[in-house]
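Residue numbers (the numbering used here), protein chains in the order written: chain Y, 53 to 633; chain G, 53 to 633. Virtual Cβ for every residue (Gly too), placed ideally from N, Cα, C. Quick notes on the structure that follows.
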């Protein structure tokens, strides 16, 4: 008891600090939600004509009646329900076959351009091996022209075939104005609610065509299966992570990789390695996971932004469970093996509260490492620069290829967001126990704001626009991090036998109430487009034909445009359609 | 172990029977949901013009801007968002004051008609006391005419005042067609989702006007508070119920009410009383509760059907917890007091499984009593008949009053549904342990079908139409009853130390999956009106003006109709507006 009395003022200060940190986080989250909400409204109500605001995606269309085509069925259904505002429909087709031919064609077109560039530069006609290892050598230019000549009519036939025979049970419906489309996307259409299900159409560029044909229960089942697989992945990765953080010490490294010994024994290298080795191992190890999660998520949703959100959400829980909780507990695993083997259920959070202080250094260096190396690399774009120069020197022959190599691509939200949220979690959890982490956290996000703002505005080219739909996910996960922090603090207080630790119990309860309140107040306006924001006048009268055409997948577009055109000079005809992509 | 082996075949049969009962219940629920769904669609797509299909209810309208009236605000908002289909709006007003005056007027009108009828019959002018106990006696006819003359202009002033000054933050919006109204009711309108919230308009006759003005968070908070109050009510009624079922035995009755002894000691009376006394006590006791629950629910929703559903749901959980589980456990309370005082958490369901067989007789007689007395009374309508004859003899003087006394009213869903669901629960739970209950159950619902079908079609006058919205509630509660039954059976099997009792565990899990599946498949089509069902053509072109007028509350309607008319002969003028109610 003497021990309790002695430390009591410090713990009181800790409790107060926990309250301060919690409520300032909630306040900032609230402000941020309002801010993002407004940004979303502004973007949605912009006067530019955006094709996705005039379309809805309808899935689970029931079987076609005898003597009716799918298109007739869809058209008659929607022209009856939306007599004044229905413009036209586009039945989704199974494009796998036609896409393959189209990609082949694209490849040959690129090869041809490349070969012509080589010819112009070196005055020698490049040769081409028809097989991978064997096969005769042919003149590339002639070969490509011949292949294109062969593939163009094949593409045309397959396009016609696809459009006629491979219609799926989903369609895109176009409306004459934004209000009608927005309203239609939120209305139950059919008596049987698992048929004719409607959602707002994703942008043309982010539609995942092959996922559109999935049936209602197939979608739900697939989601459940992916959930189980991900849960298993998350829980069984605990084991390798535990080993990595226990074995990547200098001593073990020298033992396992004896040839490294002369390098490792140099004092400078040794110091750096000793400090950063476990973190580097962890970072490398974690780089593999997002690919797996992305692959799993890709089977779920109709759009890329949905997939990115789903993948990002999974990855967050993965790194929290495995990196944060995993390292915290397993880092002390070998010291307190008894407590883990026979854990008292009441002590499970106490264990985390107990282990946390011992791992402060690990996470401090993790944040520092991410800060210095991460932002340095990000800002200088050193890796893409090297890759670009290598590519330009050895691979790129045409201007198109150079441009492609230089393209900075997209900010990768699927891994960037969860990684930053991990830092949020770490900073929150250590904010009271080891407040030295706060300046690191502030620096990380302060510099991050400057760097990423610059990168987002001037470097990266967004590959899709989800109108802020990522935010509710981030909000939820920051709240999850906050609750982890609050529960950990309760564990910490009870480990310290602090008499007033029950005073910390209202905190997670308050966080949950806050989460429910935010969901009630904001979530629906992120889930659907409010009618209010789309009632603004558009700059010009929307060209409905152009909106419709924007949704034609590239592999089918030439069919629509060049229906009457002769394929006289194959290459030029194809280039023309290719450029419309 | 010998004991287990001996009873094993019987328990195997019980297990099989549990599976059979469970799956046939689920099958019937599924079929019933499809059937009710179809009935709902048919009713909604009927070609009659129904005012509620052309209107939506909008609540949480933000504060009016400077220099704008509420009506202008609402009109400009909706005519912008629904340019082609908006017809007009009706701002909800605070009608408490005007309603009071209107009710006074109605009362005097009735009194006047009554006094005239007395005069015609008895040739003596009836007299009236102006105060309740004291006050001078005046001639009723003259007094009433004078009061009506006084109140009519007062009503007119208050009507004008109400419409101008007492506008609330909610409104009814009328559309020119059903599709537009249905679609608008399902669409998020405002950027801030807690403003301009829309729902389908309830029928005019079932709107609860005073609940419409409640704000978004006030509504949610009120719901939560009512929930807590109801939960407390449910849990603390356990105590009186336990006492009732323990004390209403013959011996206790004679002890407590000694003057009853000579009657009670007669052998015929004794037999009947001994069998039915606890049940009668329980039924009387339960009659008070629905009133309380109805009162609590009345503060929640915008419509009477909502209130009935909410009240019915609460009453179901009340009678299940208190009558079924309460009686089952407390009936054996005095026998197995030790087990209850020191209950093992693992044994709580086991306790129910153990107590169940001992209370079979109680519930069997309860079902029988409800069957014989309940349906007998229902079909003969003995109580309403006696009341009618008493009323006609002593109170009714005018034809209107006789008609009012004869009116059969509404089927009272708020108590009828939960009471029948209690029988479902009892029959399900005893179906395997005491299968003698099955013929009683079949008889109860078989005769119930015949009796209530007749009553619903030929006797009762429905006071509102909710288009089958009660069904999802009933469905959910039948599923809850099924799960209680399945869990009780698991408890029963483990009490009997049946080795294969884990085979019963998949049953409740399957029921929960079934519940989720039904929710996914059907619930949304009950929550909202599907667009498909309202696209049918109506019989005649809707008279929009009549639709609008249908929503004017009776206490305000005369203002609209008789604005220019002189109030020369007060009574006839008022009678005219009164008849438009």
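Hey, how far is the Cα of residue i from the Cα of residue j?
i, j, result
"residue 393 of chain Y", "residue 315 of chain Y", "Any reading at residue 393 of chain Y needs caution, since the residue's pLDDT is 43, under 50, leaving its predicted position unreliable; the model's value is listed next. Whole-angstrom Cα-Cα distance: 38 Å."
"residue 96 of chain G", "residue 518 of chain G", "10 Å"
"residue 456 of chain Y", "residue 512 of chain Y", "13 Å"
"residue 481 of chain G", "residue 268 of chain G", "41 Å"
"residue 552 of chain G", "residue 63 of chain G", "9 Å"
"residue 141 of chain Y", "residue 110 of chain Y", "10 Å"
"residue 373 of chain G", "residue 285 of chain G", "11 Å"
"residue 320 of chain Y", "residue 66 of chain Y", "38 Å"
"residue 463 of chain G", "residue 492 of chain G", "23 Å"
"residue 348 of chain Y", "residue 524 of chain Y", "22 Å"
"residue 60 of chain Y", "residue 540 of chain Y", "18 Å"
"residue 149 of chain G", "residue 214 of chain G", "8 Å"
"residue 352 of chain Y", "residue 107 of chain Y", "21 Å"
"residue 580 of chain G", "residue 153 of chain G", "37 Å"
"residue 570 of chain G", "residue 471 of chain G", "24 Å"
"residue 365 of chain Y", "residue 70 of chain Y", "26 Å"
"residue 578 of chain G", "residue 250 of chain Y", "17 Å"
"residue 590 of chain G", "residue 227 of chain G", "15 Å"
"residue 379 of chain Y", "residue 409 of chain Y", "12 Å"
"residue 536 of chain G", "residue 576 of chain G", "26 Å"
"residue 360 of chain Y", "residue 520 of chain Y", "13 Å"
"residue 72 of chain G", "residue 437 of chain G", "44 Å"
"residue 318 of chain G", "residue 447 of chain G", "39 Å"
Going by other Cβ atoms of all chains shown within 10 Å of its Cβ, with 16 needed for buried, is residue i buried or exposed?
i, result
"residue 494 of chain G", "exposed"
"residue 276 of chain Y", "exposed"
"residue 584 of chain G", "buried"
"residue 505 of chain Y", "exposed"
"residue 243 of chain G", "buried"
"residue 105 of chain G", "buried"
"residue 324 of chain G", "exposed"
"residue 252 of chain Y", "buried"
"residue 179 of chain G", "exposed"
"residue 395 of chain Y", "Reliability of the predicted coordinates at residue 395 of chain Y is poor, the pLDDT of 45 falling under 50, and the value obtained from them is presented with this limitation in mind. Exposed, because fewer than 16 other Cβ atoms sit within 10 Å of the Cβ of residue 395 of chain Y."
"residue 207 of chain G", "buried"
"residue 233 of chain Y", "buried"
"residue 501 of chain Y", "exposed"
"residue 322 of chain Y", "exposed"
Which residue or residues does DSSP assign as beta-bridge partners of residue i?
i, result
"residue 489 of chain G", "Paired residue(s): none; residue 489 of chain G is not in a bridge."
"residue 223 of chain Y", "Y:110, Y:143"
"residue 191 of chain Y", "Y:179"
"residue 562 of chain G", "Bridge partners of residue 562 of chain G: none, in fact."
"residue 249 of chain Y", "Y:111"
"residue 268 of chain G", "Residue 268 of chain G is not bridged to any residue."
"residue 138 of chain Y", "Y:227"
Counting only beta-carbon separations shorter than 9 Å, does residue i have a partner in chain B?
i, result
"residue 194 of chain Y", "The question asks about chain B, but that chain is absent: this structure's protein chains are Y and G."
- Give the residues from the segment 475-507 of chain G that approach chain Y closer than 9 Å (Cβ to any Cβ), ordered along the chain. none
- Message: Quick check on the DSSP output: what are the complete alpha helix (DSSP H) runs of length 4 or more inside the segment 416-478 of chain Y, in order along the chain?
- Response: 427-432, 434-446, 451-458
- Query: At a Cβ cut of 9 Å, what residues of the segment 237-258 of chain Y count as close to chain G, listed as they run along the chain?
  - Reply: 237, 238, 239, 240, 241, 242, 243, 244, 245, 246, 248
- Under 8 Å (Cβ pairs) to chain G, residues found in the segment 211-236 of chain Y: So the list reads 231, 234, 235, 236, given in the order they occur along the chain.
- Query: the segment 130-160 of chain Y: which residues have C-beta closer than 9 Å to a C-beta of chain G, in chain order?
  - Reply: 132, 133, 134, 135, 136, 137
- Message: Along the segment 556-574 of chain G, where does the CB come closer than 8 Å to a CB of chain Y? Name the residues.
- Response: 572, 573, 574
- Query: What residues from the segment 506-525 of chain G come within 8 Å of chain Y, judged by C-beta to C-beta, listed N to C?
  - Reply: Those would be none; no residue qualifies.
- Which parts of the segment 577-615 of chain G are runs of the alpha helix (DSSP H), unbroken and 4 residues or longer, counting only runs that do not cross its ends? Runs of alpha helix (DSSP H) with 4 or more residues, each lying fully within the segment 577-615 of chain G, are found at 596-602, 606-613, listed in chain order.
- Anything in the segment 579-602 of chain G with a Cβ closer than 7 Å to a Cβ of chain Y? List those residues in chain order, please. 580, 582, 583, 584, 585, 587
- Message: Under 9 Å, CB to CB, which of the residues in the segment 78-92 of chain Y have a partner in chain G?
- Response: So the close ones are 89, 90, 92.
- Which residues, in order along the segment 97-128 of chain G, keep a beta-carbon less than 7 Å from a beta-carbon of chain Y? Cβ contacts with chain Y: none found.
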